[in-house]
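*Asks:* Quick one: this structure, given as structure tokens, is what I'll be asking you about.
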Amino acid sequence: MTLATGKVGIICCSGEDLAEGTISRVATRLVLEKLRPDQTVTLCLPLFLAGGEDERAFARVFPTIAVDGCSKKCAEAGTKKYSGKPVATILVSEVMKKYPHLKVKSRERLEPQEMELATKVAEEIAKTVDEILCKTAKK
Amino acid sequence: MQNSQEVKSQLAAEGKVAIIPCAGMDKALGSVARACAFIVVERLRPDKAVLICIPPLVVGAKPYSEIIKKYPVIPIDGCAGRCATKIAVKNGAKIGGRVLIPESVQKYNLKPKSASDIGPEGEKLAEKLAEEIAAEIDRLLGK
Chain R
23 MTLATGKVGI ICCSGEDLAE GTISRVATRL VLEKLRPDQT VTLCLPLFLA
73 GGEDERAFAR VFPTIAVDGC SKKCAEAGTK KYSGKPVATI LVSEVMKKYP
123 HLKVKSRERL EPQEMELATK VAEEIAKTVD EILCKTAKK
Chain W
565 MQNSQEVKSQ LAAEGKVAII PCAGMDKALG SVARACAFIV VERLRPDKAV
615 LICIPPLVVG AKPYSEIIKK YPVIPIDGCA GRCATKIAVK NGAKIGGRVL
665 IPESVQKYNL KPKSASDIGP EGEKLAEKLA EEIAAEIDRL LGK
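As given, the protein sequences belong to chains R and W, one line each in that order. Note that our numbering has the first sequence beginning at 23, numbered continuously upward. Note that our numbering has the second sequence beginning at 565, numbered continuously upward.
Structure follows, in structure tokens:
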């Protein structure tokens, strides 16, 4: 990981317990690779939780967004515990409520409906990145 | 979704092995770790393997620490940082076996494509690793 200005760190739970964890993971990759590749970096949650000092230092200095699959909010809680509270938390289970026609079933491989939901979550993350960077630029 | 009661009921059952994949975000091998863990717990050894998700283990959102103290644990690490192993040990796990995927990449000469899409070679690598883990589970359980 390289420290840089004008970046937002995305920390997703990527939880294996639920399909929503897979959605959080895929949505985060979409933001990093397609929607906001120059404005975002990902912080690897397992590395962060295992004591990765670079990841923790980044989250202390730069704004972060936690992307959690469920209301347990493990990514948010872990970030808060070891660095600082994320500027925003995107909850996949909340985004799902806006799109009741999109069902999630598999935690292993996303079907077209699930990919559509992951794209919706990614768009919410990208929008939040823009808001954070806009506020930062005004300061 | 597994709730606490379900997780506790798993504790009551005998003969389990806990699988902890790193699922690292920034490397393709983290995605392979995740994929092979799913193959083990959903297809190869659904009655013998318990999947442990790292974030709730560390933040204490689920009683996973009880499971990893009771049953042998196989961490699946995607890189030399060995986060899954470190987290398991820190939380009192009894390590029963270990998988370091970079070693398996060399062993099988299969290279996953990317973190978003591990591709056919990544899928094949995940299958091979899952078979190794299933055999290790059988060994640990004396089957």
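Cβ coordinates follow ideal geometry from the N, Cα and C atoms, glycine included. The structure presented is a predicted model; accordingly, all values stated were derived computationally and were not measured.
Alpha carbon to alpha carbon, how far is R/Cys34 from R/Phe84? Give it in angstroms, no decimals.
*Replies:* Cα-Cα distance, rounded: 16 angstroms.
*Asks:* Check the Cβ of R/Asp76 against every Cβ in chain W and list those closer than 7 angstroms, keeping chain order.
*Replies:* Those do not exist, as R/Asp76 stays about 11 angstroms from chain W at its closest Cβ, beyond 7 angstroms.
*Asks:* Reducing DSSP to helix, strand and coil, say where W/Leu674 ends up.
*Replies:* If DSSP states are grouped into helix, strand and coil, W/Leu674 belongs with coil.
*Asks:* In three-state DSSP terms, what is R/Asp60?
*Replies:* It is coil, neither helix nor strand.
*Asks:* Determine the burial state of W/Pro620: buried for a count of at least 16 other Cβ atoms within 10 Å of its Cβ, exposed for fewer.
*Replies:* With 16 or more other Cβ atoms within 10 Å, it is buried.
*Asks:* Would you report the Cα separation of R/Asp90 and W/Asp590, rounded to the nearest angstrom?
*Replies:* Those two C-alpha atoms are separated by around 17 angstroms.
*Asks:* Using a Cβ cut-off of 7 angstroms, pull out every chain W residue sitting near R/Ala97, in sequence order please.
*Replies:* Within 7 angstroms Cβ-Cβ: Pro619.
*Asks:* Does any residue of chain R have a CB that is nearer than 9 angstroms to the CB of W/Leu608?
*Replies:* Chain R, which has no Cβ nearer than 9 angstroms to the Cβ of W/Leu608, makes this no.
*Asks:* Restricting to Cα atoms, I'd like to know which of W/Cys586, W/Lys626 and W/Pro636 is closest to W/Gly579.
*Replies:* Checking every option, the nearest Cα to that of W/Gly579 belongs to W/Pro636.
*Asks:* Does the stretch 654–674 of chain W come within contact of the stretch 626–644 of chain W, defined as at least 3 CB pairs closer than 8 angstroms?
*Replies:* Cβ pair count under 8 angstroms is three or more, so yes.
*Asks:* If R/Leu52 and R/Thr62 are in contact, beta carbons under 8 angstroms, what's the gap, nearest whole angstrom?
*Replies:* That pair is no contact at about 11 angstroms.
*Asks:* Using 8 angstroms for Cβ pairs, my map puts R/Ala81 next to R/Ser105. What's the rounded Cβ distance?
*Replies:* At roughly 4 angstroms, the Cβ-Cβ gap stays under 8 angstroms, so R/Ala81 and R/Ser105 are in contact.
*Asks:* Do the stretch 131–140 of chain R and the stretch 38–46 of chain R meet, that is, are 3 or more Cβ pairs less than 8 angstroms apart?
*Replies:* In short, these stretches touch, since the Cβ pair count reaches three.
*Asks:* Determine the contact status of R/Thr158 and R/Ala110, defining contact as a CB-CB distance below 9 angstroms.
*Replies:* It is not a contact, given that the beta carbons lie outside the stated cut-off.
*Asks:* Got a sec: is the Cβ-Cβ distance from W/Arg598 to anything in chain R below 9 angstroms?
*Replies:* By this cut-off, W/Arg598 is an interface position.
*Asks:* What would DSSP say about W/Ile697, mapped onto helix, strand or coil?
*Replies:* Helix, per DSSP.
*Asks:* Just to confirm, is the Cβ distance from W/Val581 to R/Ala99 under 9 angstroms?
*Replies:* For W/Val581 and R/Ala99, no; Cβs fall outside 9 angstroms.
*Asks:* Select from the stretch 631–659 of chain W all residues with a C-beta closer than 7 angstroms to any C-beta belonging to chain R, and list them in chain order.
*Replies:* For the stretch 631–659 of chain W, which is checked against every Cβ of chain R, the residues closer than 7 angstroms are Gly645, Cys647, Ala648, Lys650 and Ile651.
*Asks:* Within 10 Å of its beta-carbon, does W/Ala625 have 16 or more other beta-carbons around it, so buried, or fewer, so exposed?
*Replies:* It is buried - the Cβ of W/Ala625 has at least 16 other Cβ atoms within 10 Å.
*Asks:* Going along chain W, which residues have a C-beta under 9 angstroms from R/Gly106?
*Replies:* Chain W residues near R/Gly106: none, gap ~15 angstroms exceeds 9 angstroms.
*Asks:* Let me see if you follow: with CB-CB separation under 9 angstroms, is R/Lys29 close to chain W or not?
*Replies:* Closer than 9 angstroms: no.
*Asks:* Taking the beta strand (DSSP E) that W/Ile640 belongs to, which residues open and close that run?
*Replies:* From DSSP, the beta strand (DSSP E) with W/Ile640 extends over Pro636 to Asp641.
*Asks:* Could you spell out where the alpha helix (DSSP H) holding R/Val114 opens and where it closes?
*Replies:* Note, R/Val114: alpha helix (DSSP H), Val114 to Lys120.
*Asks:* Starting from W/Pro585, follow the beta strand (DSSP E) in both directions and report where the run begins and ends.
*Replies:* Here the beta strand (DSSP E) through W/Pro585 covers Val581 to Pro585.
*Asks:* Which residues, in chain order, does the stretch 661–688 of chain W contribute to contact with chain R at a C-beta distance below 8 angstroms?
*Replies:* Answer set for the stretch 661–688 of chain W: Ala679 and Ser680.
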